[in-house]
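Have a look at the structure below, then the notes.
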Amino acid sequence: MTDSARIQELIQAVEQANSDERLLESVQALAASHSEAAIPMLIAVLGYNNPGAAVTAVEGLIALGASAVMPLLEQLDEYNYGARAYSIRALAALADPRALDTLVSAATIDFAPSVRRAAAKGLGNLHWQQLPPEEIAQAQTKVLNTLIQVFQDSDWAIRYAAIVGLQALAKSATSTTEPIQNLFEQMLSSEADPAVRSRILMAQQRLQAENAIV
Amino acid sequence: MADFNPEASNEAAPPLTVEEAIANLHGTDLSLRYYAAWWLGKFRVSSSAVVDALIEALDDEADRTELGGYPLRRNAARALGKLGDQRAVPGLIRCLECSDFYVREAAAQSLEMLGDPAAVPALMQLLNSGVAAAERVPGRPHLQEPCEAVMEALGTLHATEAIPLIQPFLEHQTKRVQYAAMRAMYQLTGEDAYGRRLVEALQGADVVLRRVALSDLGAIGYLPAAEAIAQASTENSFKLIALRGLLEQQIGSDTELSEGAIRVMNLMDALL
Numbered sequence: 001m002t003d004s005a006r007i008q009e010l011i012q013a014v015e016q017a018n019s020d021e022r023l024l025e026s027v028q029a030l031a032a033s034h035s036e037a038a039i040p041m042l043i044a045v046l047g048y049n050n051p052g053a054a055v056t057a058v059e060g061l062i063a064l065g066a067s068a069v070m071p072l073l074e075q076l077d078e079y080n081y082g083a084r085a086y087s088i089r090a091l092a093a094l095a096d097p098r099a100l101d102t103l104v105s106a107a108t109i110d111f112a113p114s115v116r117r118a119a120a121k122g123l124g125n126l127h128w129q130q131l132p133p134e135e136i137a138q139a140q141t142k143v144l145n146t147l148i149q150v151f152q153d154s155d156w157a158i159r160y161a162a163i164v165g166l167q168a169l170a171k172s173a174t175s176t177t178e179p180i181q182n183l184f185e186q187m188l189s190s191e192a193d194p195a196v197r198s199r200i201l202m203a204q205q206r207l208q209a210e211n212a213i214v
Numbered sequence: 001m002a003d004f005n006p007e008a009s010n011e012a013a014p015p016l017t018v019e020e021a022i023a024n025l026h027g028t029d030l031s032l033r034y035y036a037a038w039w040l041g042k043f044r045v046s047s048s049a050v051v052d053a054l055i056e057a058l059d060d061e062a063d064r065t066e067l068g069g070y071p072l073r074r075n076a077a078r079a080l081g082k083l084g085d086q087r088a089v090p091g092l093i094r095c096l097e098c099s100d101f102y103v104r105e106a107a108a109q110s111l112e113m114l115g116d117p118a119a120v121p122a123l124m125q126l127l128n129s130g131v132a133a134a135e136r137v138p139g140r141p142h143l144q145e146p147c148e149a150v151m152e153a154l155g156t157l158h159a160t161e162a163i164p165l166i167q168p169f170l171e172h173q174t175k176r177v178q179y180a181a182m183r184a185m186y187q188l189t190g191e192d193a194y195g196r197r198l199v200e201a202l203q204g205a206d207v208v209l210r211r212v213a214l215s216d217l218g219a220i221g222y223l224p225a226a227e228a229i230a231q232a233s234t235e236n237s238f239k240l241i242a243l244r245g246l247l248e249q250q251i252g253s254d255t256e257l258s259e260g261a262i263r264v265m266n267l268m269d270a271l272l
């Protein structure tokens, strides 16, 4: 059997799975194929309302790397926020800056908290060096401003995710390190939520530890 | 937990101003009053005028269901728990004797939120008939008494005198009732075994029950559950809320982070 015929079989097995166990097994097999032909089906699985299968599909997409980025962006499910959250998580893990605008939009205007959280966290980690050098500074500023905006959210978990994003940005984009450290100080004086405050403290400690090594 | 949805956005509620909500609460349109009571609680409008109006609404006779329930009283009782005003306590204690199960349940939940131990004797009364209180009422979708809400409240209110009353429910056939008893017993005795049993519940086959166990573990702040919570088979939003409960118990001084706090936050980061 050719490789492509084999992948088609694996894809069909997912489509025809008629139980949770069969679905999980078939998605695991498809993900393990490491084939780009599996990408559309893996993305479809994100919308099957089956967390075990979705997490497996996310891992499979991440393992496929850059080739999964454009399909994820193009097949982003406008109607199913669960699928969208998984897609955003995959894009955040892939850290490809081609996802920047999608992540910014997801972090600021998506109605689903799970999507906003995943996007806020992912924005800080983008692989800036994959951008043309002349675009890097502007992209980093855009992310910084976006995360500052996300920090205004009334949902504590989203503000928490903004801190995680800001910590990552401060580390990956050295021009933002000092402004973000100042921001953290300001936030501590106005943030009332104990979980968010703790995360700001941890972010400060982590950044100080890294600067100390340098 | 009845109307809690961590995926829902605040922006979905039709907008009211505080003045409109208060006016509606005092008005004659029953559905506007009902909505206003909900709205004031949801948006935490805690001015004393609002609290006064909601306390009055606990005795409302105008809004009745066909089965004899008191919808406005239910929403008023629910809202008062969120507004943090202790003046609501006596009215809520009286609500524990209301003929409407949902009013009794809302009152128990709100009394838990307000934290006044004066509520304990009236809460314990509701468990006086023993495990029979957790039997289903024929033809109705609820139990005789709101046992979960009552036991949870007794746990939060440190009512150690209620331990003998709660113990029989640990083996109840309804898992939700068992979990509420475990949660309360952990809070009242500090015994690790109760926390461990709730962690085991995270392996259960029913996703709704797994969410209930998560919520209970978060409420008691049982740190040993951290990794099990992070790996539980539920949506991440519920896991984050449970871990937050653990984190709140770990927070000591304002600038020191305990190992437990760091451990929990690392798990939370991975769930975003």
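Taken in sequence, the protein lines are chains A and B. For what it's worth, our numbering labels the leading residue of the first sequence as 1, then goes sequentially. For what it's worth, our numbering labels the leading residue of the second sequence as 1, then goes sequentially. Just so you know, even glycine gets a beta-carbon here, dropped at the ideal spot from N, CA and C.
Item	Value
For chain A, check one thing: does any of its Cβ atoms lie closer than 9 Å to the Cβ of B:Arg244?	yes
Report the CB separation of B:Leu214 from B:Phe238 in whole angstroms; it is logged as a contact under 8 Å.	5 Å
Does A:Arg6 pass the burial test, meaning 16 or more other C-beta atoms within 10 Å, or should it be called exposed?	exposed
Would you report the Cα separation of B:Arg104 and A:Ala162, rounded to the nearest angstrom?	40 Å
Could you tell me which uninterrupted alpha helix (DSSP H) segments, each at least 4 residues in length, are contained entirely in the stretch 99-155 of chain B, listed from first to last along the chain?	101-114 and 120-125
Should B:Val50 go down as buried or exposed, given a rule of 16 or more other Cβ atoms within 10 Å for buried?	buried
For A:Asp193, which option in A:Lys171, A:Thr174 and A:Tyr160 has the closest C-alpha, if you only look at C-alpha atoms?	A:Tyr160
May I ask you to report which of helix, strand or coil DSSP gives A:Ala85?	helix
Note down, in chain order, every chain B residue with its Cβ under 7 Å from the Cβ of A:Ser254.	Since the first residue shown for chain A is 1 and the last is 214, residue 254 of chain A is missing from the structure and cannot be characterised.
What residues from the stretch 64-93 of chain B come within 9 Å of chain A, judged by C-beta to C-beta, listed N to C?	none
Could you tell me whether the Cβ of A:Tyr48 comes closer than 9 Å to any Cβ of chain B?	no
Helix, strand or coil: how does DSSP classify B:His26 here?	helix
Would you list, in chain order, the members of the stretch 121-138 of chain A that have their beta-carbon closer than 8 Å to a beta-carbon of chain B?	Lys121
Tell me the rounded alpha-carbon separation between A:Ala209 and A:Ala203.	10 Å
Since A:Ile43 contacts A:Leu30 with CB under 8 Å, what's their CB separation in whole angstroms?	Rounded, the Cβ-Cβ distance is 11 Å, inconsistent with contact.
What residues of chain A sit near B:Asn236, judged by a beta carbon separation below 7 Å?	Ser114
With B:Ser46 as the anchor, note down where its alpha helix (DSSP H) starts and where it stops.	Unbroken run through B:Ser46: none, as it is neither H nor E.
Please name the residues in the stretch 13-46 of chain B whose beta-carbon is closer than 8 Å to at least one beta-carbon of chain A, in chain order.	none
For B:Val212 versus B:Lys175, is the C-beta spacing smaller than 9 Å?	yes
Compare the C-beta of B:Asp269 against all C-beta atoms of chain A and say whether one is closer than 9 Å.	yes
Counting only Cβ pairs nearer than 7 Å, list the residues of chain B close to A:Val164.	Asp269 and Leu272
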